[in-house]
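Oh and the sequence shown: position 163 is 163 in the working numbering, straight run, nothing missing.
The beta-carbon is built from N, C-alpha and C at its ideal position, and this holds for glycine as well.
See below for the structure under consideration.
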Amino acid sequence: MLCLLEFFIYLCAMINQQLLNPQSIVVIGGSNNVHKPGGSIVRNLISGGYNGTLRIVNPKEDEVQGIKAFHDAREIPPTELAILVVAARFCPDYVELLAKEKQTRAFIIISAGFGEETKAGAELEQRILDTCEQYGAALIGPNCIGLLNRNHHSVFTLPIPNLDAKGADFVSGSGATAVFILESAVIKGLQFNSVWSIGNGKQIGIEDVLQYMDEHFDPETDSKVKLLYIENISNPDKLLFHAGSLIRKGCRIAAIKAGSSESGSRAASSHTGAIASSDSAVEALFRKAGIVRCYSREELTTVGCIFTLPPLNGKNFAIVTHAGGPGVMLTDALSKGGLCVPKIDSEAAEELKTKLFPGSSVANPIDFLATGTAEQLGTVIDYCEKKFDNIDAIAVIYGTPGLTQLYEAYDVLDRKIRECRKPIFPVLPSLHTAGPEVAEFLAKGHVNFSDEVTLATALSQIMRTPQPAPPELELYGVDVPKIREIIYREINRLKFEGITSGYLAPDTVRELLSCAGIPLVPEMVSISKDELIAFAEKVGYPVVAKVVGPVHKSDVGGVALNIRTPEHLALEFERMMQIPDATGVMVQKMLKGTELFIGAKYETRFGHVVLCGLGGIFVEVLKDVSSGLAPLSYAEAYSMIHSLRGYKILKGTRGQQGINEQKYAEIIVRLSTLLRFATEIKEMDINPLLADGTDIVAVDARILIEK
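So, in structure tokens, the structure goes:
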């Protein structure tokens with residue numbers, strides 16, 4: 001058993017105490033104009049109650065927001081953290097001066113105009129990095145909004161969310177997007193422990209922040225909620241390792257990965273290449289790490305709010321509402337996402353009905369009418385908590401048409417959330433007509449899901465996210481030395497032929513798959529008609545004939561099914577050998593079963609993305625595939641299979657026999673292990689595999705290698 005950590009050695013991130021908890025800060029470019037970044041950062045530091053020494057450098061001001069200003073950075077005493085809000089061209093000299101003469105060991109560079117814009121800007125950025133590395137200084141940015149934590153509010157933007165040690169840690173690759181996400185979160189009542197805007201991430205990227213949080217994690221004091229907005233994954237291995245490690249330590253992580261595109265897949269030459277993309281790699285990475293993937297700001301902050309509540313142990317919801325419509329919409333959304341709203345039909349339910357106004361329904365959703373009281377709300381919650389054993393969680397939809405105030409009802413809800421063992425999800429939709437009441441409820445430390453469908457979508461996404469995969473790699477009997485021998489031989493063949501890439505011959509493909517223990521259908525490739533007829537006689541008719549050479553056999557008429565006689569086989573052989581680029585004919589025993597697909601594509605930095613799904617033409621038509629990052633464990637393989645939309649077909653439906661899931665998972669795992677030791681394989685697919693209730697065999701496979 002090998003540990004993946006053996007393959008990856010990381011340098012420690014340069015995050016230090018001068019960055020996280022500086023005793024002194026200087027703002028280079030601080031001003032009195034709070035409508036500009038230099039002024040707004042000073043304002044936020046002051047209003048945030050920074051209790052260290054705050055210094056300002058501004059050559060044109062004697063005093064900035066009540067603080068004496070220095071006209072020249074050379075005049076200031078030694079200072080731990082410097083925040084630069086000046087033109088990019090001045091930043092390298094300031095960093096060198098402060099690091100060398102003022103013992104500054106942390107820098108936050110707000111300024112833009114660096115590598116994100118021009119080559120000259122990139123050179124300025126490199127000068128800054130070189131200085132920071134020379135003096136062992138931490139660098140956030142450039143081109144960011146800053147860093148916000150409970151020690152200092154070094155950001156120039158609003159809003160400043162409520163800060164709490166148990167709040168979320170939020171790391172963003174985009175400053176503007178971070179602001180929009182914070183606005184979405186504040187409305188919901190989500191609190192934060194820290195907000196990191198990494199900007200260009202020249203020294204400290206998102207992966208480095210996660211590494212620091214992982215290596216310094218204290219389960220007693222640290223936040224267990226991490227939210228990420230990612231535009232570029234520069235080190236997938238580091239992200240995978242530290243995200244998975246944090247989740248195993250009890251943290252929960254959700255992330256948006258923006259900028260994924262499938263446009264590059266059009267140039268790929270195989271079924272897998274037409275589907276696999278950077279987005280498939282991201283999906284596979286997140287699944288392997290146990291990261292909940294989100295696709296919008298609202299979804300990310302909703303997931304973050306869910307993370308602050310007790311974990312959901314089960315799938316059965318009671319919906320408590322005094323408005324029928326939202327209850328119906330939430331029921332539909334939960335059911336669509338694989339969660340349940342079971343019917344409540346018991347003596348306890350009939351007893352509850354007697355405590356509500358006539359016309360109320362307790363079947364679930366529990367609708368106690370628009371005239372329902374705060375006391376009745378508490379009673380319904382008590383029954384869901386104590387008397388309805390088939391309920392795992394409670395969603396409470398409670399707003400107002402503007403006729404009454406809701407303080408009393410929200411006081412009841414506050415009390416029940418603190419008392420109940422089952423998680424309660426408050427849906428308080430009346431942000432306009434009951435704004436003060438909702439604000440008071442949030443001020444007590446609660447969150448609010450104002451839209452019931454967004455809540456259901458986020459819950460479903462959390463429930464579908466698997467636990468982190470184990471970091472160990474098992475070989476499962478895969479013959480690694482033989483695999484390397486075959487790959488080495490084929491790479492030498494490419495060199496001899498003067499090419500850099502090419503598809504392996506069918507017999508070589510069979511060699512590799514056999515090394516991985518993947519079952520293969522009996523077949524023969526030959527340019528001799530008599531040899532193929534003799535083979536068909538041996539394995540028994542019917543057989544299948546396929547042309548060897550062209551990439552997409554079916555597109556050129558290179559596949560003939562259900563051949564039952566030697567004469568028919570001879571005719572097909574002669575026809576196929578006339579197809580352009582034909583180098584031979586393959587004959588296979590014809591089998592029946594459910595067609596499955598497994599493929600893989602090598603993604604730079606990520607490694608092999610393994611895909612599985614229904615096979616044959618359906619892999620291109622339906623695109624119902626699930627992705628995983630090699631190497632895969634059995635748990636990951638089962639999770640991939642179960643996440644397919646067509647899983648019911650694989651399981652067996654309408655009297656049809658299901659496939660052997662264990663065999664399918666085993667083939668996925670074995671293939672992923674083969675790929676882990678053959679990075680020269682750039683694309684491959686096995687399409688189809690034929691499956692029945694007992695066995696699965698590979699029928700057709702192609703492998704593209706590149707030296």
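Can you have a look at residue i and say buried or exposed, based on whether 16 or more other CB atoms are within 10 angstroms of its CB?
{"i": "G39", "result": "buried"}
{"i": "A691", "result": "buried"}
{"i": "G435", "result": "exposed"}
{"i": "F70", "result": "buried"}
{"i": "I462", "result": "buried"}
{"i": "F192", "result": "buried"}
{"i": "V64", "result": "buried"}
{"i": "R654", "result": "exposed"}
{"i": "S296", "result": "exposed"}
{"i": "V699", "result": "buried"}
{"i": "E350", "result": "exposed"}
{"i": "S270", "result": "With a pLDDT of 45 at S270, under the threshold of 50, the modelled position of this residue cannot be trusted; read the value that follows with caution. It is buried - the Cβ of S270 has at least 16 other Cβ atoms within 10 Å."}
{"i": "E125", "result": "buried"}
{"i": "G199", "result": "buried"}
{"i": "G49", "result": "exposed"}
{"i": "G628", "result": "buried"}
{"i": "S47", "result": "exposed"}
{"i": "N44", "result": "buried"}
{"i": "V551", "result": "exposed"}
{"i": "A255", "result": "buried"}
Residues in the same chain with beta-carbon distance under 6 Å from residue i, minus the five sequence neighbours each way, listed in chain order, please.
{"i": "A469", "result": "K288, S633, E636"}
{"i": "A138", "result": "M14, I15, N16, L19, A106"}
{"i": "T131", "result": "V95, E96, A99"}
{"i": "L561", "result": "V544"}
{"i": "E195", "result": "Sequence inspection shows Val at residue 195; the Glu mentioned does not correspond to that position. Hits under 6 Å: L148, F170."}
{"i": "C12", "result": "Bear in mind that the predicted position of C12 carries a pLDDT of just 48, short of 50, making it unreliable; the figure below should be weighed with that in mind. No residues qualify anywhere along the chain."}
{"i": "C515", "result": "D479, K482, I483"}
{"i": "N151", "result": "N21"}
{"i": "G616", "result": "E595, P688"}
If you compare alpha carbons, which of the options is closest to residue i?
{"i": "K623", "options": "L629, C612, P631, A630", "result": "C612"}
{"i": "V27", "options": "E419, A582, P236, G146", "result": "G146"}
{"i": "N143", "options": "D164, Q126, I108", "result": "I108"}
{"i": "N313", "options": "I394, N44, T379", "result": "I394"}
{"i": "E299", "options": "A348, L228, L356", "result": "L228"}
{"i": "A165", "options": "E220, G599, N51, K355", "result": "E220"}
{"i": "D479", "options": "Y398, G250, G115, L675", "result": "L675"}
{"i": "E485", "options": "V186, T53, A678, G52", "result": "A678"}
{"i": "F449", "options": "S184, G141, A701", "result": "S184"}
{"i": "M577", "options": "L591, K589, V559, K592", "result": "V559"}
{"i": "I703", "options": "G549, G244, K226, D332", "result": "G549"}
{"i": "I705", "options": "E215, G693, E683", "result": "E683"}
{"i": "L190", "options": "T301, M329, F90", "result": "T301"}
{"i": "K202", "options": "D237, E116, P429, G359", "result": "E116"}
Between which two residues does the alpha helix (DSSP H) holding residue i run?
{"i": "D279", "result": "278-289"}
{"i": "A176", "result": "175-188"}
{"i": "Y135", "result": "119-135"}
{"i": "G584", "result": "Segment 584-589 is the beta strand (DSSP E) holding G584; no alpha helix (DSSP H) there."}
{"i": "Y383", "result": "374-386"}
{"i": "L504", "result": "From DSSP, L504 is part of no alpha helix (DSSP H); its letter is neither H nor E."}
{"i": "D479", "result": "Taken as a continuous stretch (DSSP letters only), D479 belongs to no alpha helix (DSSP H), as it is neither H nor E."}
Under 7 Å Cβ to Cβ from residue i, same chain only, skipping five residues before and after it: list those, please.
{"i": "E231", "result": "G173, S174, A258, G259"}
{"i": "F217", "result": "L246, K249"}
{"i": "N364", "result": "A318, I319, V341, P342, K343, I344"}
{"i": "P37", "result": "V85, I110, F156"}
{"i": "G327", "result": "I319, T321, P365, D367, I397"}
{"i": "V362", "result": "I344, A349, L352, K353"}
Less than 7 Å between the CB of residue i and some heavy atom of the ligand NAD, yes or no?
{"i": "V27", "result": "The ligand NAD is not among the ligands present in this structure, which contains no ligands whatsoever."}
Who are the Cβ neighbours of residue i in its own chain at under 8 Å, not counting the five residues just before and after it?
{"i": "L239", "result": "I206, E207, L210, I233, L285, A289"}
{"i": "K707", "result": "I491, L494, K495, T500, S501, E680"}
{"i": "A536", "result": "V543, I563, P566, L569, V587"}
{"i": "D411", "result": "A374"}
State the start and end residues of the unbroken beta strand (DSSP E) segment that holds residue i.
{"i": "K682", "result": "681-691"}
{"i": "E595", "result": "594-603"}
{"i": "E523", "result": "523-526"}
Does the pairing of the region 45-57 with the region 68-80 give three or more beta-carbon distances under 8 Å?
Touching, yes, given that three or more Cβ pairs across the two stretches are closer than 8 Å.
Between the region 680-697 and the region 595-608, can you find at least three pairs of beta-carbon atoms closer than 8 Å?
Note that the region 595-608 touches the region 680-697; at least 3 beta-carbon pairs, one per stretch, sit closer than 8 Å.
Would you call the region 337-354 and the region 423-434 touching, i.e. three or more CB-CB distances under 8 Å?
Fewer than three pairs of CB atoms, one per stretch, sit closer than 8 Å, so the region 337-354 makes no contact with the region 423-434.
On the three-pair Cβ rule with 8 Å, is the region 434-452 touching the region 402-420?
With the cut-off at 8 Å, the region 434-452 and the region 402-420 touch.
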